[in-house]
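> Take this structure, written in structure tokens, and hold onto it; I'll ask about it next.
Number of protein chains: 2
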Amino acid sequence: MARIVKHPEQRKSELLTCAQELFFERGYENTTVNDVIEKAGVSKGAFYHYFESKEALLEALAERLAREGVERVADVLEDPALDALSRLNSFLAKFRRLRMESAPVMPGIRADLSGGTSAASPESAAKRRRGHRIAFGAVFQPENIVLYHRINAAVMSVMTPVLARIIAQGVEEGVFHNMDPVAVAEMLLHLGGATHAAVARAMQAQTEIEKDEAADALENLLRLHGAAIDRILGLREGSIRLAEPGYTRAVMAARTS
Amino acid sequence: MARIVKHPEQRKSELLTCAQELFFERGYENTTVNDVIEKAGVSKGAFYHYFESKEALLEALAERLAREGVERVADVLEDPALDALSRLNSFLAKFRRLRMESAPVMPGIRADLSGGTSAASPESAAKRRRGHRIAFGAVFQPENIVLYHRINAAVMSVMTPVLARIIAQGVEEGVFHNMDPVAVAEMLLHLGGATHAAVARAMQAQTEIEKDEAADALENLLRLHGAAIDRILGLREGSIRLAEPGYTRAVMAARTS
DNA sequence: CTATAATCAACCGACGGTCGGTCTATAGAA
DNA sequence: TTCTATAGACCGACCGTCGGTTGATTATAG
Numbered sequence: 152m153a154r155i156v157k158h159p160e161q162r163k164s165e166l167l168t169c170a171q172e173l174f175f176e177r178g179y180e181n182t183t184v185n186d187v188i189e190k191a192g193v194s195k196g197a198f199y200h201y202f203e204s205k206e207a208l209l210e211a212l213a214e215r216l217a218r219e220g221v222e223r224v225a226d227v228l229e230d231p232a233l234d235a236l237s238r239l240n241s242f243l244a245k246f247r248r249l250r251m252e253s254a255p256v257m258p259g260i261r262a263d264l265s266g267g268t269s270a271a272s273p274e275s276a277a278k279r280r281r282g283h284r285i286a287f288g289a290v291f292q293p294e295n296i297v298l299y300h301r302i303n304a305a306v307m308s309v310m311t312p313v314l315a316r317i318i319a320q321g322v323e324e325g326v327f328h329n330m331d332p333v334a335v336a337e338m339l340l341h342l343g344g345a346t347h348a349a350v351a352r353a354m355q356a357q358t359e360i361e362k363d364e365a366a367d368a369l370e371n372l373l374r375l376h377g378a379a380i381d382r383i384l385g386l387r388e389g390s391i392r393l394a395e396p397g398y399t400r401a402v403m404a405a406r407t408s
Numbered sequence: 152m153a154r155i156v157k158h159p160e161q162r163k164s165e166l167l168t169c170a171q172e173l174f175f176e177r178g179y180e181n182t183t184v185n186d187v188i189e190k191a192g193v194s195k196g197a198f199y200h201y202f203e204s205k206e207a208l209l210e211a212l213a214e215r216l217a218r219e220g221v222e223r224v225a226d227v228l229e230d231p232a233l234d235a236l237s238r239l240n241s242f243l244a245k246f247r248r249l250r251m252e253s254a255p256v257m258p259g260i261r262a263d264l265s266g267g268t269s270a271a272s273p274e275s276a277a278k279r280r281r282g283h284r285i286a287f288g289a290v291f292q293p294e295n296i297v298l299y300h301r302i303n304a305a306v307m308s309v310m311t312p313v314l315a316r317i318i319a320q321g322v323e324e325g326v327f328h329n330m331d332p333v334a335v336a337e338m339l340l341h342l343g344g345a346t347h348a349a350v351a352r353a354m355q356a357q358t359e360i361e362k363d364e365a366a367d368a369l370e371n372l373l374r375l376h377g378a379a380i381d382r383i384l385g386l387r388e389g390s391i392r393l394a395e396p397g398y399t400r401a402v403m404a405a406r407t408s
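Chains as they are written, first to last, in the numbering used here: chain A, 152 to 408; chain B, 152 to 408.
Structure below.
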């Protein structure tokens, strides 16, 4: 076969992108290395030139997603005008959005970048992020625990210090009342896991009526989680707002199947 | 080979037990079906007579462990003398103990029931529970996310309603101040996930000094988690006691490697 | 400055070994 | 006999290896 040489970085990135799409569509276990190299238009040898194993590929993907995640919340961290509470609220909002966007499918958009050659085109981070939204929401399917938990672990480990800094700011400002920002950060992120479970449940909804109910339930739950965070941080009830009303429903409506 | 026929229930149980030991020692992925049937002294055919797939085996194991888990906390649920707070405290203590016991290895005990024939002897639940303590603590190794999360999911789904009932009692008694017991139960159990992560970290400790520090850190964290639960439930600080002082250290000391 | 050799990363794809799962046959219970 | 439990040879998918190739880059000679 014709030999195509590319910048190593780009190749690696393409492989990751193909893997990401396939993993999100079919799940990690149901995707073979051959699937990935076929989609990327690369040989076995090339693949194993870049990644030690299929596992390593997953790990690298998790890391990349985690990095992209922090990039997306970077602005709320850097804005010096924000007090701790608003910073935390913005952070949580962005974080939740991040979570949900890796789930739903925007129907119809899929056609314009599927196919084996998509990887050949130059890749912007923005384009890859589109890939997220297009994915089949497999992260929420039960068969994909591995995929989800790997990504989640990576995201948590980069997000913990970030969140901890915000909390530390709050403690310094005297608005948050707790010790050990890092531990509290971990707890809040683990609570995010509870949210994930709830989102997964909501995603199971089939009929319109079920979806409506699920969306309501989810928003209620988010309010409750918000209240829990209020209490953990020693804030007035209602300080943390996890649920912008209607957002949940909007996201769910955009989802296919 | 000689054909040995047993009560289906017992066979199934033996297969589960062998699988449990192997999974805990080597992890799910690193255990082959052949390993399991060899240890159990059974043919491939027999195995696939009882379980549709390797996956199904894992699922069944997770279910059994979850069932055994509720059995072990059943008494604190049924004791009518307990008020909600003491019940919750006992529940959390037992639950935490459950978590930790599936991790450490009691050195030296291992010899007396290892080997391929152990499965042939009659099995009491008590003996199987010993198996827990004997396991290599692989549940805390990073390569065993699958194993851990499957078990955890099963345990959570049976524990949620149980915990919810306790919380509901507390709300009725007017000592807990929050709504939706089920959602709160889920949150508390997810917090348990944070504990797990911390335990996993503590388990990494190698030298005696490191272990000591890790034990201290872990107890601090448990106190913090306790405080968080206090706040979520609207209790006086110190009502929930997750860390019996010294217990953490004792458990860690009992662990090999 | 050009030509050529040497080097090395990037890439190819056939092949091997492992392992989950299937299938046919049969022993024993009812 | 019939049905369930058991045996174990066999199949095929799939991860990873390995020996080899290509082409860009750099060193060296002319």
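Virtual Cβ for every residue (Gly too), placed ideally from N, Cα, C.
1) Quick one: list the residues of chain B neighbouring A:E210, beta-carbon separation under 7 Å, in chain order.
2) How many angstroms separate the CA atom of A:A191 from the CA atom of A:T183?
3) Given this structure, state the Cα-to-Cα distance separating B:S194 from B:K245, to the nearest angstrom.
4) Could you spell out where the alpha helix (DSSP H) holding B:T182 opens and where it closes?
5) Once DSSP output is grouped into helix, strand and coil, what is the label at A:S390?
6) Return the residue from the list B:M330, B:H328, B:L373, B:L233 that minimises the CA-CA distance to A:M330.
7) For A:G196, would you say it is in contact with chain B, using Cβ-to-Cβ distances shorter than 8 Å as the test?
8) What does A:E337 reach in chain B if we use C-beta pairs closer than 9 Å?
9) For a contact defined as C-beta to C-beta under 9 Å, what are the partners of A:V297 on chain B?
10) Tell me whether the beta-carbon of A:G343 lies closer than 8 Å to the beta-carbon of A:A235.
11) Using the Cβ count rule (16 or more neighbours within 10 Å means buried), how would you classify B:E359?
12) Does B:R382 come within less than 8 Å of chain A when only Cβ atoms are used?
13) Given a threshold of 16 other Cβ atoms within 10 Å of its Cβ, counted over all protein chains shown, does B:Q171 qualify as buried or as exposed?
14) Do B:V297 and B:E180 have their beta-carbon atoms positioned less than 8 Å apart in this structure?
15) Could you say which of B:A404, B:K205, B:L208 lies nearest to B:Q361 if we only look at CA atoms?
16) If we ignore side chains and look at the alpha-carbon of each, how far apart do A:R400 and A:D367 end up?
17) Enumerate in chain order the residues of its own chain whose CB-to-CB distance from B:A213 is below 6 Å, with the five nearest sequence positions on each side excluded.
18) How is B:A348 classed by DSSP in three states: helix, strand or coil?
19) Since B:L243 and B:I391 should fall inside the 8 Å C-beta cutoff, what is the C-beta to C-beta distance between them, to a whole number of angstroms?
20) Buried or exposed: which applies to A:I155, given that a residue is buried once 16 or more other Cβ atoms fall within 10 Å of its Cβ?
21) Taking B:F198 and B:A211 to be in contact with their CB atoms under 8 Å, please state how far apart those CB atoms are, rounded to whole angstroms.
22) Compare the C-beta of A:L342 with all C-beta atoms of chain B and state if any pair is closer than 8 Å.
23) Could you name the residues of the same chain whose beta carbon sits closer than 6 Å to that of A:L249, not counting the 5 residues immediately before and after it, in chain order?
24) Would you say B:L369 reaches chain A, if we count a Cβ-Cβ gap shorter than 8 Å as a contact?
25) The alpha helix (DSSP H) with A:E203 in it runs from where to where?
26) Leaving aside the five residues before and after A:M338 along the sequence, list all residues of the same chain whose C-beta is less than 8 Å from its C-beta, in chain order.
27) For the region 291-374 of chain A, list the alpha helix (DSSP H) runs that are entirely contained and at least 4 residues long, ordered along the chain.
28) Taking 7 Å as the limit between beta carbons, can you name the residues of its chain near A:E388, skipping five residues before and five after?
29) How would you list, in chain order, the residues of chain A whose beta-carbon sits under 7 Å from the beta-carbon of B:L393?
30) So, helix, strand or coil for B:L233, using DSSP?
31) Whole angstroms are fine: how far does the CA of A:Q161 sit from the CA of B:A365?
32) For A:R215 versus A:L167, is the C-beta spacing smaller than 8 Å?
33) Using the rule of at least 16 other Cβ atoms within 10 Å of the residue's Cβ for burial, across every protein chain shown, is B:G196 buried or exposed?
34) Do you know offhand how far B:S308's Cα is from B:V335's?
35) Would you decide whether B:N185 is buried or exposed? Buried here means 16 or more other CB atoms lie within 10 Å of its CB.
The structure says:
1) None at all; the shortest Cβ gap to chain B is about 10 Å.
2) 13 Å
3) 38 Å
4) From DSSP, B:T182 is part of no alpha helix (DSSP H); its letter is neither H nor E.
5) coil
6) B:L373
7) no
8) A345, A348, A349, L372
9) I296, V297, H300
10) no
11) exposed
12) yes
13) buried
14) yes
15) According to the sequence displayed, residue 361 of chain B carries Glu and not Gln. When each option's Cα is compared against that of B:E361, the closest is B:A404.
16) 8 Å
17) R301, I302, A305
18) helix
19) 7 Å
20) exposed
21) Wrong, their Cβ atoms sit about 12 Å apart, outside the cutoff.
22) yes
23) G220
24) no
25) Neither: A:E203 is in no alpha helix (DSSP H) and is coded neither H nor E.
26) I383
27) 296-324, 332-354
28) A378, D381
29) The premise fails here: B:L393 is roughly 13 Å from chain A at the closest Cβ pair, so nothing lies under 7 Å.
30) coil
31) 42 Å
32) yes
33) exposed
34) 14 Å
35) exposed
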